[in-house]
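Notes follow the structure.
In my numbering, the protein residues as written are 74 to 662.
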């Protein structure tokens with residue numbers, strides 16, 4: 074039920090209540106007033122009738138006297154003897170008087186006998202209507218008696234019915250007028266309230282700032298002013314919350330660490346994109362339980378351990394085999410006013426750190442291993458020479474010195490390669506990129522290694538000089554190092570009489586350079602790790618050839634710094650083909 078309807082109904086109810094109260098009061102008061110006035114008039118008529126009876130009692134019969142007085146007064150006149158016998162009645166004939174009841178016990182008669190006057194309002198059993206009685210005594214002895222006048226109250230009922238009609242009609246007219254004016258007044262009164270309700274609804278829907286016009290200084294105007302102030306404050310609060318939310322969303326989106334917020338029962342309420350990426354989640358996460366998105370036991374154990382009452386913080390390292398990553402997780406409870414509302418977890422991807430740590434550990438182990446052999450040899454032969462072999466055995470002493478020299482050269486090459494690789498990995502080596510002709514670099518590398526190839530009767534075929542090779546953008550010194558390393562490896566692992574072929578191909582925005590040989594080849598299982606530092610397919614053979622185990626790792630880093638890729642294909646006993654790509658000159662990214 075609307076406010077306007079309630080207001081109209083309140084008007085109608087108030088008017089009906091007032092009209093009904095007035096009607097009941099007026100009806101009761103009028104009835105009492107009319108009865109009192111009728112009683113007073115009836116007493117006056119009774120007194121006059123008594124005088125007439127006293128003056129004519131000797132000459133006129135009681136019945137005739139009652140009828141005469143009744144005709145004049147328009148009331149029923151009854152003459153009663155002192156013993157209660159009716160001796161005359163204006164409404165009853167002379168022949169029927171003997172059949173009338175004795176009136177001695179009538180209330181008005183008893184009161185008249187005691188006080189000389191009596192009155193009563195009661196229902197008449199004789200004529201069966203309500204009557205107002207007034208009685209007085211007259212005369213003495215046998216000539217005396219009681220005169221009683223009776224007035225029927227039908228006129229009171231008629232008057233009351235008339236009053237009912239008038240008041241009822243007035244009430245209906247008043248209610249209709251009240252409905253009309255109530256509708257008008259309620260519309261005028263409720264219009265500002267409807268405007269304020271609409272404004273409050275718009276504020277609740279977040280429709281923005283809305284100002285209610287203040288048109289009065291009454292309570293409604295004060296309410297409108299309060300709502301306008303509340304609207305401004307809510308708008309400011311919403312803007313502040315929206316800005317905070319946008320900042321929080323931006324921070325969460327830009328974080329490299331995964332963030333998760335969950336309720337105490339494990340229902341997830343918030344995750345950021347990094348969390349989805351770490352756990353390879355593409356669908357909706359909010360509203361799901363933690364066990365539904367990941368069944369990793371370490372993750373669930375960490376969540377359950379934080380739920381213990383005495384646990385304030387939890388730090389744990391978790392490995393995810395599916396993504397081959399290691400996460401450093403930090404768990405803290407989410408408390409609001411001292412009550413635990415959930416859990417906040419931050420996931421740091423330390424996979425690269427773990428890999429770097431493993432690589433560093435392997436690198437230290439490999440370097441130690443690589444350095445141990447030449448250092449041990451150098452130390453051993455040096456101690457032999459110091460023990461007197463230099464004077465006692467000059468011929469072997471010279472050979473010992475040559476061995477020491479060769480292993481010192483190997484140490485020098487190993488240290489230089491380590492320094493070069495370290496420089497490339499730390500991005501300290503700046504490339505001087507310039508447009509250049511790759512065929513010239515290939516030809517120079519072939520010329521540098523031609524003598525070593527001739528020693529093994531290996532044929533070097535340079536196919537890059539025959540056609541038009543696109544110019545590339547590269548650092549000539551670094552690129553020459555790549556070609557020399559690949560060509561040197563091909564010569565090392567190709568048997569005598571073999572062939573090494575160098576050629577270029579157009580590969581879209583890149584130029585692909587390939588070095589193919591007919592050497593011993595590489596087993597398939599070793600191909601994925603061939604570009605790792607210190608990785609050797611055959612360690613003994615590699616050391617015999619004088620390799621450090623870092624050449625291909627250096628090739629890979631130099632090519633990647635140029636924005637290219639390296640690849641290898643091989644078949645054991647038939648040869649290998651190493652290739653790399655480098656950007657064409659003029660190509661922008």
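Just so you know, even glycine gets a beta-carbon here, dropped at the ideal spot from N, CA and C.
- Judged by DSSP in its simplified three-state form, residue 414 adopts strand.
- Beta-bridge partners assigned by DSSP to residue 341: 335.
- In the structure shown, residue 456 falls within a helical segment according to DSSP collapsed to helix, strand and coil.
- Taking residue 189 as the centre and dropping the five residues before and after it, the same chain places the C-beta of 209 and 210 closer than 7 angstroms to its C-beta, in chain order.
- CA-to-CA, the gap between residue 275 and residue 336 works out to about 32 angstroms.
- Around the beta carbon of residue 639, a 10 Å sphere encloses 16 or more other beta carbons of the protein chains shown; the residue is thus reported as buried.
- With contacts defined as CB atoms closer than 8 angstroms, residue 451 and residue 421 fail to qualify as a contacting pair.
- Membership of residue 181 in the alpha helix (DSSP H) is indicated by the continuous run 180 to 188.
- Contact annotation: residue 218 and residue 160 have beta-carbon atoms nearer than 8 angstroms.
- The bridge partners DSSP lists for residue 604 come to none.
- Looking only at 130, 99 and 404, the smallest Cα-Cα distance to residue 333 is reached by 404.
- Residue range 507 to 509 is occupied by the beta strand (DSSP E) that includes residue 509.
- Per DSSP, residue 406 lies in no alpha helix (DSSP H) segment; the continuous beta strand (DSSP E) that holds it begins and ends at 398 to 409.
- Excluding its 5 nearest sequence neighbours in each direction, residue 572 has C-beta neighbours in its own chain below 6 angstroms: 532 and 591, listed in chain order.
- Counting C-beta pairs closer than 8 angstroms gives three or more between the region 543 to 557 and the region 641 to 660, which meets the contact rule.
- Just measuring C-alpha positions, the residue of 143, 103, 129 and 134 sitting nearest residue 119 is 143.
- Contact holds between the region 159 to 174 and the region 128 to 139, because three or more Cβ pairs, one in each stretch, are under 8 angstroms apart.
- DSSP places residue 294 in the uninterrupted alpha helix (DSSP H) bounded by 292 to 327.
- Counted as a single uninterrupted DSSP element, the beta strand (DSSP E) harbouring residue 151 occupies residues 149 to 153.
- Rounded to the nearest whole angstrom, the C-alpha separation of residue 203 and residue 81 is 44 angstroms.
- If you look at residue 535, you'll find it in the beta strand (DSSP E) that goes 532 to 535.
- A residue is called buried once 16 or more other Cβ atoms fall within 10 Å of its Cβ, and residue 237, having fewer, is exposed.
- Shown here, residue 650 sits in a strand according to DSSP, grouped into three states.
- Between the region 292 to 302 and the region 375 to 383, the count of C-beta pairs closer than 8 angstroms stays below three; the two stretches do not touch.
- For residue 572, DSSP records a beta bridge to 532.
- Under the three-state reduction of DSSP output, residue 369 falls in the coil class, being neither helix nor strand.
- When secondary structure is reduced to three states using DSSP, residue 211 falls in the strand class.
- Beta-bridge partners of residue 566 (DSSP): none assigned.
- Here the region 169 to 181 lies against the region 148 to 157, with 3 or more beta-carbon pairs under 8 angstroms apart.
- In this structure the region 639 to 649 lies against the region 577 to 591, because at least three pairs of beta carbons, one per stretch, are closer than 8 angstroms.
- In this model, residue 252 and residue 270 are separated by some 24 angstroms (Cα to Cα).
- Taking a C-beta distance under 8 angstroms as the contact criterion, residue 604 and residue 565 do not qualify as a contact pair.
- Here residue 327 is exposed: its Cβ has fewer than 16 other Cβ atoms, across all protein chains shown, within 10 Å.
- Taken through DSSP and simplified to helix, strand or coil, residue 223 comes out as strand.
- Three or more beta-carbon pairs drawn from the region 221 to 233 and the region 100 to 117 are found closer than 8 angstroms, and the two stretches are therefore classed as touching.
- Residue 194 sits in a strand when the DSSP states are folded into three classes.
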